[in-house]
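Residue numbers (the UniProt record's numbering), protein chains in the order written: chain A, 1 to 249; chain B, 1 to 386.
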């Protein structure tokens, strides 16, 4: 079975981001870019399934500018087998991403697609669900555990108030949550091998997808500064404040 | 000229940085407190470093390493300057250059176990009466009944407390030359369990956990087979090892300065006084700017030095220049950081004081700043000497 893992190039999670002075978006000039951490968890899960003999090939795919090839190479350095770069300099919205991925899935015929639950840049959290709808495949989102048994996939999901386990028929879509695994370090031997692994180049047009934006960003603003908290002297005072001031108990 | 890191270099840097952040930084406070690395932490780092393929990363291909070029190696070493030295040492990235002189059974007994990380060594040259002036050492090895008998005292020997064997430089005789008597220096492999060998800890304020020691040799007997690289050839080290050591130290200084600077920017940008962040005051702003420029210059010098090594253009003057600049630089950066942190920079609960203490040794070991200046000046003025 082949596993497809879409990976997105985003601002590195350690970077302190800044909004552009004109509010048109986030300033990306000279900013360190990395693989979306949730996608990294996706690559790790795919590799673990391959190592456990449940999968035979791990293919990483990225949609973005030429530099997204570096993100693919990062996936290859973790141990993925090959990459597909769908090259476009335009901003691509979740629906267009899902449509392109549908094209990739039809060409590659994977048994499983593992996506990050969301990208840490725009936090949309839509692509996995949209892809599932477009393909008519089952989906297990926000996964904290994935078990393959024959052609049945058990996905433990992190939902409000607890965990939910769903059984899916394969082929299926999984989106990863933070606690699914801890991604490995790209090992030195794998980094050296990554250079020689193949990356196919495609364009959105190859999949007949029109990436024209349907949404318009009106403005981007910094989050408001956090107000200082208060210190309470005793448990009794805390309970009293939660009752009278916060009104939560 | 291309200053960008290629994919391989960048990926290795990213991976190592993540490793340091996850596996080494969290243990730093404990090591600082205990002054040694607890065994379980050591084992865990070893295991994870092995898994990640970082073990042996500095080894040449003929000894099973990846054969990285110097540029890649120095970029990796820049990252390894960020964590505490003691914790970084738990990763087995390579072996002391001089060990490659091992021959015959020495290879099985010392070199290979060192490569596998099973045996650690400490290099013992410095003595109470011989630091920068290494030729002034007096520890002697005398031939007695087919064996060498070693007597003397070594000082500031890093890591001898946790080492399995000592690479010792001793005086094995004196040659009469037209210029007067000349000492013969010889390197010996001495097992730490040898009768008559004693290691005593020294209490240092820097690089806690990677501790300096006194090593006493009292009639320690070793056979001929423990001579490393031939009798009288103790100081014939390959230039490559010398340059490697100096440029790697410089790269460590750059990495450490970067880490100090990151903490300092954070502080200057958030600590408030007189209703503004302190970074908004010019006095602090100028310091921030100068620190950034200082670090960039060190980084460029390391990159140039590595490029020179890769292209066989390195010489000892250049090695001393980069070493001098970077070790002075990291201390300037650390000292400015303390100034910007103010009183908080002196508190043991904050890591800044540790970086400040640790930065100080860089101007002393691997050649003092003054020795490097002396080398540079002598080399540059040699053509004008009568």
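Even for Gly, the Cβ is constructed at its ideal location relative to N, Cα and C.
Discussion item. Taking 8 Å as the threshold (beta carbon to beta carbon), is residue 18 (chain B) in contact with chain A?
Written reply: Residue numbering aside, residue 18 (chain B) sits at position 18 when the second chain is read from its first letter. True, the Cβ-Cβ gap to chain A drops below 8 Å.
Worksheet item: Under 8 Å, do residue 3 (chain A) and residue 11 (chain A) count as touching if we go by C-beta distance?
Response: Sequence index remark: in the first chain, residue 3 (chain A) carries index 3 (1-based). Sequence index remark: in the first chain, residue 11 (chain A) carries index 11 (1-based). No; because the gap between Cβ atoms is not below 8 Å, this pair is not in contact.
Worksheet item: Nearest chain B C-beta to residue 191 (chain A) closer than 8 Å, yes or no?
Response: Within the first chain, residue 191 (chain A) is the residue found at index 191, counting from 1. Chain B, which has a Cβ nearer than 8 Å to the Cβ of residue 191 (chain A), makes this yes.
Worksheet entry | alpha helix (DSSP H) segments (min. 4 residues) lying fully within the stretch 215-272 of chain B | For the stretch 215-272 of chain B, whole alpha helix (DSSP H) runs of length 4 or above, ordered along the chain, are 239-270.
Practice prompt. Anything in the stretch 66-80 of chain A with a Cβ closer than 8 Å to a Cβ of chain B? List those residues in chain order, please.
Written response: Taking a C-beta cut-off of 8 Å against chain B, the contacting residues of the stretch 66-80 of chain A are 70, 73, 74 and 77, listed in chain order.
Worksheet item: Would a check of beta-carbon distances place residue 195 (chain A) closer than 8 Å to chain B?
Response: Within the first chain, numbered from 1, the residue matching residue 195 (chain A) stands at position 195. The C-beta of residue 195 (chain A) comes closer than 8 Å to at least one C-beta of chain B.
Worksheet item: Do the stretch 36-56 of chain A and the stretch 175-184 of chain A touch if we need at least three Cβ pairs shorter than 8 Å?
Response: Because the criterion of three Cβ pairs below 8 Å is met, the stretch 36-56 of chain A and the stretch 175-184 of chain A touch.
Worksheet item: Is residue 279 (chain B) close to chain A, meaning its C-beta is less than 8 Å from at least one C-beta of that chain?
Response: By one-based count along the second chain, residue 279 (chain B) stands at place 279. Not an interface residue.
Fill in: Chain-ordered chain A contacts of residue 12 (chain B) [CB-CB under 7 Å]
The residue given as residue 12 (chain B) occupies position 12 in the second chain. Taking a Cβ-Cβ threshold of 7 Å, the residues of chain A close to residue 12 (chain B) are 188 and 191, in chain order.
Practice prompt. Note down the Cα distance separating residue 88 (chain A) from residue 241 (chain B), rounded to an integer number of angstroms.
Written response: Reading the first chain from its first residue, position 88 is the one you call residue 88 (chain A). Reading the second chain from its first residue, position 241 is the one you call residue 241 (chain B). Taking the straight line from one Cα to the other gives about 47 Å.
Worksheet item: List, in order along the chain, the chain B residues whose C-beta lies closer than 7 Å to that of residue 185 (chain A)?
Response: Position 185 of the first chain holds residue 185 (chain A). For a Cβ distance threshold of 7 Å, residue set 15, 18, 19 and 52 of chain B lies close to residue 185 (chain A), ordered along the chain.
Discussion item. Please classify residue 75 (chain B) as buried or exposed, where buried requires at least 16 neighbouring CB atoms within 10 angstroms.
Written reply: What you label residue 75 (chain B) is simply residue 75 of the second chain in a count that begins at 1. Burial call: buried.
Practice prompt. Kindly confirm or deny that the stretch 334-353 of chain B and the stretch 370-382 of chain B touch, where touching means at least three C-beta pairs closer than 8 Å.
Written response: Result no; under three Cβ-Cβ pairs closer than 8 Å.
Fill in: Burial state of residue 99 (chain B) (16 or more Cβ within 10 Å)
Translated into the one-based positions of the second chain, residue 99 (chain B) becomes position 99. It is buried - the Cβ of residue 99 (chain B) has at least 16 other Cβ atoms within 10 Å.
Fill in: Delimiting residues of the alpha helix (DSSP H) encompassing residue 303 (chain B)
Residue numbering aside, residue 303 (chain B) sits at position 303 when the second chain is read from its first letter. Per DSSP, residue 303 (chain B) belongs to the alpha helix (DSSP H) from 282-310.
Fill in: Any 3 or more C-beta pairs closer than 8 Å across the stretch 106-126 of chain B and the stretch 145-160 of chain B
Contact between the stretch 106-126 of chain B and the stretch 145-160 of chain B is established, with three or more Cβ pairs separated by less than 8 Å.
Discussion item. Quick check on the burial criterion: 16 or more other C-beta atoms within 10 angstroms. Buried or exposed for residue 19 (chain B)?
Written reply: Start at 1 with the first residue of the second chain, and residue 19 (chain B) comes out as number 19. Residue 19 (chain B) comes out buried.
Worksheet item: What residue range is occupied by the uninterrupted beta strand (DSSP E) comprising residue 200 (chain B)?
Response: Reading the second chain from its first residue, position 200 is the one you call residue 200 (chain B). First-last of the beta strand (DSSP E) with residue 200 (chain B): 197-201.
Worksheet entry | Separation of residue 378 (chain B) from residue 318 (chain B), as counted between CA atoms | Mapped onto the second chain, residue 318 (chain B) falls at position 318. Mapped onto the second chain, residue 378 (chain B) falls at position 378. In a straight line, the C-alpha of residue 318 (chain B) is about 13 Å away from that of residue 378 (chain B).
Worksheet item: Using a Cβ-Cβ distance under 8 Å, would residue 351 (chain B) count as near chain A?
Response: Taking the second chain and counting its residues from 1, the one referred to as residue 351 (chain B) is at position 351. Judged by the 8 Å Cβ criterion, residue 351 (chain B) is not in contact with chain A.
Item to complete: Output the distance between the C-alpha atoms of residue 281 (chain B) and residue 265 (chain B), rounded to the nearest integer angstrom.
Response: Here the question's residue 281 (chain B) lines up with position 281 in the second chain. Here the question's residue 265 (chain B) lines up with position 265 in the second chain. Cα-Cα distance, rounded: 13 Å.
Worksheet item: At which residues does the alpha helix (DSSP H) containing residue 54 (chain B) begin and terminate?
Response: Along the second chain, read from residue 1 onward, the residue named residue 54 (chain B) stands at position 54. Annotation for residue 54 (chain B): no alpha helix (DSSP H) segment contains it, and DSSP assigns it neither H nor E.
Item to complete: Can you give me, in chain order, the residues of the stretch 54-70 of chain B that have a beta carbon less than 8 Å from any beta carbon in chain A?
Response: So the list reads 54, 57 and 66, given in the order they occur along the chain.
Fill in: Runs of beta strand (DSSP E) lying entirely within the stretch 142-177 of chain A, each at least 3 residues, in chain order
You should have 152-159, 162-169 and 172-176.
Practice prompt. Please state if the CB of residue 292 (chain B) and the CB of residue 330 (chain B) are separated by a distance shorter than 8 Å.
Written response: One-based indexing of the second chain puts residue 330 (chain B) at position 330. One-based indexing of the second chain puts residue 292 (chain B) at position 292. At a Cβ-Cβ threshold of 8 Å, residue 330 (chain B) and residue 292 (chain B) do not count as neighbours.
Worksheet item: What residue range is occupied by the uninterrupted alpha helix (DSSP H) comprising residue 91 (chain A)?
Response: Mapped onto the first chain, residue 91 (chain A) falls at position 91. Careful: residue 91 (chain A) lies outside any alpha helix (DSSP H) and carries neither H nor E.
Fill in: Span of the alpha helix (DSSP H), counted from its first residue to its last, around residue 114 (chain B)
For this step, residue 114 (chain B) is matched to residue 114 along the second chain. Counting along the chain, the unbroken alpha helix (DSSP H) around residue 114 (chain B) starts and ends at 112-115.
Discussion item. Mapping the DSSP letters down to three states, classify residue 176 (chain B) as helix, strand or coil.
Written reply: Stepping through the second chain from its first residue, residue 176 (chain B) is reached at position 176. The answer is strand: DSSP assigns residue 176 (chain B) an E or B state.
Worksheet item: Under 7 Å Cβ-Cβ, which residues of chain A neighbour residue 8 (chain B)?
Response: Looking up residue 8 (chain B) in the second chain gives position 8. Close to residue 8 (chain B), with beta-carbon spacing below 7 Å, are these residues of chain A in chain order: 191, 192 and 195.
Item to complete: Could you have a look at residue 63 (chain B) and say whether DSSP puts it in helix, strand or coil?
Response: By one-based count along the second chain, residue 63 (chain B) stands at place 63. Here residue 63 (chain B) sits in helix by DSSP.
Worksheet item: Taking three-plus beta-carbon pairs below 8 Å as touching, is the stretch 100-116 of chain A in contact with the stretch 192-210 of chain A?
Response: Taking 8 Å as the limit for Cβ pairs, the verdict is that the stretch 192-210 of chain A does touch the stretch 100-116 of chain A.
Worksheet item: Can you list, in chain order, the stretches of the alpha helix (DSSP H) that have 4 or more residues and sit fully within the stretch 2-46 of chain B?
Response: The qualifying runs are 7-19 and 28-34.
Item to complete: State buried or exposed for residue 201 (chain A), treating a residue as buried only when at least 16 other CB atoms are found within 10 Å of its CB.
Response: What you label residue 201 (chain A) is simply residue 201 of the first chain in a count that begins at 1. With fewer than 16 other Cβ atoms inside 10 Å of its own Cβ, residue 201 (chain A) counts as exposed.
Worksheet entry | Environment of residue 323 (chain B) [buried if 16+ CB atoms lie within 10 Å] | Here residue 323 (chain B) refers to the residue found at position 323 of the second chain. It is buried - the Cβ of residue 323 (chain B) has at least 16 other Cβ atoms within 10 Å.
Practice prompt. Would you give the residue range spanned by the alpha helix (DSSP H) that residue 355 (chain B) belongs to?
Written response: Start at 1 with the first residue of the second chain, and residue 355 (chain B) comes out as number 355. Where residue 355 (chain B) is concerned, the enclosing alpha helix (DSSP H) stretches over 352-361.
Practice prompt. Taking 8 Å as the threshold, find out whether the stretch 70-86 of chain B comes into contact with the stretch 22-34 of chain B through three or more Cβ pairs.
Written response: The stretch 70-86 of chain B vs the stretch 22-34 of chain B: in contact.
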